[in-house]
Amino acid sequence: MFKTTRDLNMYIKLEQKHIIHILDKLRENNVFSKLFALGANPVIAFSEEDKEKVVKILKNEEIEYNIIKTQKDIIEEMLTF
Numbered sequence: 010m011f012k013t014t015r016d017l018n019m020y021i022k023l024e025q026k027h028i029i030h031i032l033d034k035l036r037e038n039n040v041f042s043k044l045f046a047l048g049a050n051p052v053i054a055f056s057e058e059d060k061e062k063v064v065k066i067l068k069n070e071e072i073e074y075n076i077i078k079t080q081k082d083i084i085e086e087m088l089t090f
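Take 10 as the starting number for the sequence shown in this note's numbering and just add one per residue.
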């Protein structure tokens, strides 16, 4: 299925030094994801459909992270932040 930004309904909060590396890993594994600034923090948004893949990648990288589900999508989350 072709995904758009509106499909991104979860995001990952992690240390800034890991953001680009994890974004690259997600894309290498065909996870549609985008980098956004939520408040003063960069986050990586992805679709709930890919959560299993995302968790596996993050665990393999052995870094601390927090995954948060949005009410609707990342755009709405940014507007209400």
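Just so it is clear, CB atoms sit at the ideal spot from N, CA and C, and this is done for glycine as well. It should be emphasised that the depicted structure is a prediction, and the values quoted were computed from it without experimental measurement.
If contacts are defined as beta-carbon pairs under 8 angstroms, then residue i and residue j qualify, I think. What distance do you get, rounded to the angstrom?
i	j	result
residue 45	residue 83	6 angstroms
DSSP state of residue i, grouped into three classes?
i	result
residue 23	strand
residue 69	helix
residue 63	helix
residue 34	helix
Comparing C-alpha positions only, which one of the options sits nearest to residue i?
i	options	result
residue 56	18, 85, 23	18
residue 73	14, 13, 15, 24	24
residue 31	15, 69, 12, 11	69
residue 15	43, 29, 33, 28	43
residue 51	79, 28, 33, 71	28
Just to confirm, are residue i and residue j a CB contact at a threshold of 8 angstroms?
i	j	result
residue 53	residue 20	yes
residue 75	residue 26	no
residue 86	residue 47	yes
residue 38	residue 62	yes
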